[in-house]
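In what follows, a structure is listed as structure tokens, so that the remarks can point back to it.
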Ligand SMILES: [Zn+2]
Ligand SMILES: [Zn+2]
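The structure is reproduced here in structure tokens:
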């Protein structure tokens, strides 16, 4: 045998193995660098990467999902010749990092961090980022993501920080920055407030059982009377200052003197009823007036229109120091504000016996005490969704806090207008963004923590707020401490006081750091060199990022070229996080959206649809997935997923995908085996198919063009799921129609047209699928393309003419008839191998394809005409027809059962003076005796099941051919080996009648009759 033209393929691909091989080759051949060189100067496609938090020590499979989507569209655009940016980003500051370090050091509070030392703490935080970024890079490379590794941006770089300073200074110039004193959500463990958008992250609201208390507040001037409130936060009762009622709702007094809203207790009897406003102003004794803070307060009933009548008592306990709305009410009604707990959520000294207890610890004692003092009406449990810290899982409380805010009302209309210009995929995510922009409050940007963006705010006692907008400005105004300023970071920056620009006195920075979403939001400016006069090589690698990256700080011209991004993509949760923060910052700085199109996607769950949790043992480390399924199979799983639904990821689906992929692999293997047999070796230039093709070949070429065009549309619409659907349908046509129908021609081998055509189809498919399955497509490319581009990723996108859709529709109709014919056959129980006499087809023309259908279905003739051999049963579709027909349903049902109906075009029926739509009836078509019938999409086929001796004998011949060919495979014979065949005596008649045909089919040089079926090489 001559040297094979193509390297033979194994029976199935070893995905992880061939992926490692491809990674090594890409590395050795510098494929990615070549691709970028090839596209340099081409049209631009601007992608900006959302930073991944550098706190994990391996890539997660959920992160790999997003990374795959990013890679797929970058690769697709690269195939189309676009010049692109490939900068990966790491998010490096904030609580994510801090909490991990605290845990590893065994630190449990801010005091312990400070005792540990902020210098060392900062160094430990940086170390986490260094190690995590290395691990995430390794995982991403293994996934096949092509990025400019080594030139990543790190949000803790001084450059990034300076850009945020500049942003804050500009906003201050517009009067949008202010310090707010209010009760906000607070994590007692982290010792900081949280912003509204942090509460929107997944996992924040968790079911939790809290005490449910009904408590009476005795009225001072109405002996024996009290108002009853309901609360689920006992710890807030010592901070009570008022009780709110709805002024217009009716309140009733029970015989025991308790006032409650009538609506909430409809069963109760009341001795007196008044509108809420009549209760307003009454004074009452507070539940903890025996403690110093409560004793100073004059408690009274106040009016509040937001008191709801859906749960509780209709009287609301108000503690302005421990509730957001309560605090707002304190301003309206000039109420005192009691702040019961400190930063770590423990009661202050002046709360006597409560001193030092946490809010949870205090609950039981408070309930006990209320019982003793007679305030308690009833105590129970109440289960509700309660917010928890997104980072450390501690239940949040409300606490008074001085926080820095960005006022949003002035910019809100522009935000809404700009969002309307963004193209969101899926569309509903844009609506979510719109809702958020309409309803969001001012942006709380300060956190009382350590490892974060230092807010450059220097308030002076003279009343002036100094804001430093750059490092240069800091150095110019500094009064000392510059020599020790390692990074723009705590603790070093805290030792650099500056001079107040108004009064000249020294001022210090506030200790707060910034919301991490400022870090990520500034990226479209900080990494693209906005307003930077000169390009600085490796200029982004400043502060903590020094030595970690070689990223440049580009100049403003570069920003003009690459801003705004054509496309960004992250999961849905990012609508209120990264999509929002960069959008806000960009609209604030330059008046427009930083991105033109967004692809969002939902959550990842395990294959059973449960959340993945380390403690449930159902998380999948990416390393396991790489080793057990391979990156291509993971990418397939991600890409086949509609973005609007949760992805159920796992090894089960991976097995299905591997099996599905075998169809393509086998098609390629089929080509390789036969091409090697006949010595067909195409050259790259033969990709331009010319003339001499059979109708079937021509069809496959057109079908391939349709696939390329469909996939192109899907990629352009950033919908990988549509690419996958187009691929699956195409592959079915390729393997289950083209190859099936062409087997004989490949077998004969003297016509090269089918080889040429199949090679063309496979090669184009590889180019289309390369962005999604970069490894296996390149592997096959290198097998099949002997003298073309060395990698599929360097081969460009296939440019194809508009396909002949009429021809494709024609064959689709043929395939539909064949499909129905198969259905009819399988319902009859007659084997596919058994030839039948006749098929009748109604409802389609099958122009010029009668013979193909006959051949596919193994029938002697195909007739076009009405299918008379049909029994039609029509039943009412009750859920639809019941409501529509009401009483007349009975009559219609009877008429249908009796067959008294008329069939109308388009699947409608007329019965008992009603016209029924196709979805209002259930239609069954049964074959009459001796016929099998199937119908769908307006086409009906009927298969004549009658057998005669001749048909039976032919059926046996097919059976024998099948047996012999299986035997050939079993024995490992080559495709071209000739054999001597022995058939059992019982089949003598077969050999006599069909010997020549059988010999041809099994490559037999002789047929003998013997005891059993036997073959040997001849
Ligand atoms: Zn926390
Ligand atoms: Zn001053």
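Residue numbers (my numbering): 94 to 1111.
For each residue, glycine too, the CB sits at the ideal point set by N, CA and C.
Excluding sequence positions up to five away, which residues of its chain have a Cβ less than 8 Å from the Cβ of residue 761?
Within the chain shown, numbered from 1, the residue matching residue 761 stands at position 668. Hits under 8 Å: 102, 855, 873, 876 and 877.
Does the contact criterion of 3 or more C-beta pairs under 8 Å hold for the segment 204-216 versus the segment 242-261?
Segments in contact, no.
Can you say whether residue 150 is buried or exposed, counting buried as having 16 or more other CB atoms within 10 angstroms of its CB?
Looking up residue 150 in the chain shown gives position 57. The residue in question, residue 150, is exposed, as its Cβ has fewer than 16 Cβ neighbours within 10 Å.
Would you kindly report the start and end of the unbroken beta strand (DSSP E) that includes residue 1035?
Translated into the one-based positions of the chain shown, residue 1035 becomes position 942. Taken as a continuous stretch (DSSP letters only), the beta strand (DSSP E) holding residue 1035 covers 1032-1037.
Can you determine whether any heavy atom of ligand 1 sits closer than 7 Å to the C-beta of residue 484, and answer yes or no?
One-based indexing of the chain shown puts residue 484 at position 391. For residue 484, the Cβ falls inside the 7 Å cut-off from some heavy atom of ligand 1.
If you pair each beta-carbon of the segment 1019-1031 with each one of the segment 1047-1061, do three or more pairs fall below 8 Å?
no
Relative to the C-alpha of residue 833, which residue among 546, 378, 401 and 949 is closest?
For this step, residue 833 is matched to residue 740 along the chain shown. Among 546, 378, 401 and 949, the Cα nearest to that of residue 833 belongs to 949.
Would you identify the three-state DSSP class for residue 978, choosing helix, strand or coil?
Reading the chain shown from its first residue, position 885 is the one you call residue 978. Three-state result, residue 978: helix.
Those residues which DSSP pairs with residue 119 across a bridge:
One-based indexing of the chain shown puts residue 119 at position 26. Beta-bridge pairing links residue 119 to no other residue.
Since residue 302 sits in a beta bridge, which residues does DSSP pair it with?
Within the chain shown, residue 302 is the residue found at index 209, counting from 1. Paired residues: 476.
On the CB-based measure, 16 or more other CB atoms within 10 Å of its CB, does residue 189 come out buried or exposed?
Stepping through the chain shown from its first residue, residue 189 is reached at position 96. So residue 189 counts as buried.
For ligand 2, I want to know if residue 557 counts as a neighbour, meaning its beta carbon is within less than 7 Å of at least one of the ligand's heavy atoms.
Here residue 557 refers to the residue found at position 464 when the chain shown is read from its first residue. Because some heavy atom of ligand 2 lies under 7 Å away, the Cβ of residue 557 counts as near it: yes.
What are the boundary residues of the alpha helix (DSSP H) that residue 497 is part of?
Position 404 of the chain shown holds residue 497. Per DSSP, residue 497 lies in no alpha helix (DSSP H); the unbroken beta strand (DSSP E) holding it starts and ends at 490-499.
Contact test: residue 282 Cβ vs ligand 1 heavy atom, cutoff 7 Å
Looking up residue 282 in the chain shown gives position 189. Yes, the Cβ of residue 282 comes within 7 Å of a heavy atom of ligand 1.
On a CA-only basis, which of 362, 683 and 319 is nearest residue 392? Give me that one, please.
On the chain shown, position 299 is the one that residue 392 refers to. Comparing Cα-Cα distances from residue 392 to each of 362, 683 and 319, the minimum goes to 319.
How is residue 274 classed by DSSP in three states: helix, strand or coil?
Counting from one through the chain shown, the residue named residue 274 turns up at place 181. Strand.
Measuring CA to CA, which of 98, 130 and 1109 is closest to residue 1058?
As a first step, residue 1058 is located in the chain shown; it is residue number 965 there, counting from the start. For the residues 98, 130 and 1109, the minimum Cα distance to residue 1058 belongs to 1109.
Residue 560 and residue 265 - do their beta-carbons sit closer together than 8 Å?
Walking along the chain shown from the start, residue 265 turns up at place 172. Walking along the chain shown from the start, residue 560 turns up at place 467. For residue 265 and residue 560, yes; Cβs fall inside 8 Å.
With 16 other Cβ atoms within 10 Å as the buried cut-off, status of residue 781:
As a first step, residue 781 must be located in the chain shown, where it is residue number 688. Flag for residue 781 reads exposed.
On the DSSP bridge assignment, give the partners of residue 574 in chain order.
Residue mapping note: residue 574 aligns to position 481 of the chain shown, counting from 1. In the DSSP secondary-structure assignment, residue 574 is not bridged to any residue.
Figure out for me which residue from 192, 187, 195 and 142 has the closest Cα to the Cα of residue 178.
On the chain shown, position 85 is the one that residue 178 refers to. Of the listed residues, the one whose Cα sits closest to residue 178 is 142.
Hey, would you say residue 281 sits closer than 8 Å to residue 490, going by beta carbons?
Your numbering for residue 281 matches position 188 in the chain shown. Your numbering for residue 490 matches position 397 in the chain shown. In this structure, residue 490 lies closer than 8 Å to residue 281 by Cβ.
Per the DSSP calculation, residue 699 is bridged to which residue(s)?
Looking up residue 699 in the chain shown gives position 606. Paired residue(s): 742.
Starting from residue 967, follow its DSSP beta bridges and name the residues at the other end.
Within the chain shown, numbered from 1, the residue matching residue 967 stands at position 874. Bridge partners of residue 967: 1016.
Whole-Å CB distance - residue 500 paired with residue 269, under 8 Å assumed
Position 407 of the chain shown, counting from 1, holds the residue named residue 500. Position 176 of the chain shown, counting from 1, holds the residue named residue 269. 5 Å between Cβ atoms; contact.
Could you give the C-beta distance for residue 540 and residue 607, rounded to a whole number, given that I count them as a contact under 8 Å?
Along the chain shown, read from residue 1 onward, the residue named residue 540 stands at position 447. Along the chain shown, read from residue 1 onward, the residue named residue 607 stands at position 514. About 7 Å separates the two Cβ atoms, so the contact holds.
Selection from 626, 768 and 893 that minimises the alpha carbon distance to residue 651
Counting from one through the chain shown, the residue named residue 651 turns up at place 558. The candidate whose alpha carbon is nearest that of residue 651 is 626.
For residue 127, which residues in the same chain have their Cβ closer than 7 Å to its Cβ, ignoring the five residues on either side in sequence?
As a working mapping, residue 127 is identified with position 34 in the chain shown. So the qualifying residues of the chain are 887.
Can you name, in chain order, every residue of its own chain whose Cβ lies under 7 Å from the Cβ of residue 988, other than the five neighbours on each side?
For the purposes of this step, residue 988 is identified with residue 895 of the chain shown, where counting begins at 1. Here the set comprises 994, 1004 and 1005.
Looking at residue 598 and ligand 4, is the gap between the Cβ and the nearest heavy atom below 7 Å?
Looking for ligand 4 in the displayed structure turns up nothing; the ligands present are ligand 1 and ligand 2.
I want to know whether the segment 474-484 touches the segment 452-462 - three or more CB-CB distances under 8 Å.
no
Please report how far the alpha carbon of residue 415 lies from the alpha carbon of residue 302, in whole angstroms.
For the purposes of this step, residue 415 is taken as residue 322 along the chain shown, with counting starting at 1. For the purposes of this step, residue 302 is taken as residue 209 along the chain shown, with counting starting at 1. Using only the alpha carbons, I get a separation of about 19 Å.
Helix, strand or coil at residue 599 according to DSSP, with G and I counted as helix:
Along the chain shown, read from residue 1 onward, the residue named residue 599 stands at position 506. In the structure shown, residue 599 sits in a strand (DSSP, three-state: E or B).
Buried or exposed by the 16-neighbour rule on C-beta atoms within 10 Å, applied to residue 170:
For the purposes of this step, residue 170 is taken as residue 77 along the chain shown, with counting starting at 1. Label assigned to residue 170: buried.
Quick check: is any heavy atom of ligand 1 less than 7 Å from the C-beta of residue 452?
On the chain shown, position 359 is the one that residue 452 refers to. No, since every heavy atom of ligand 1 falls outside the 7 Å radius drawn around the Cβ of residue 452.
The segment 917-929 in contact with the segment 896-909 per 3-pair CB rule at 8 Å
no
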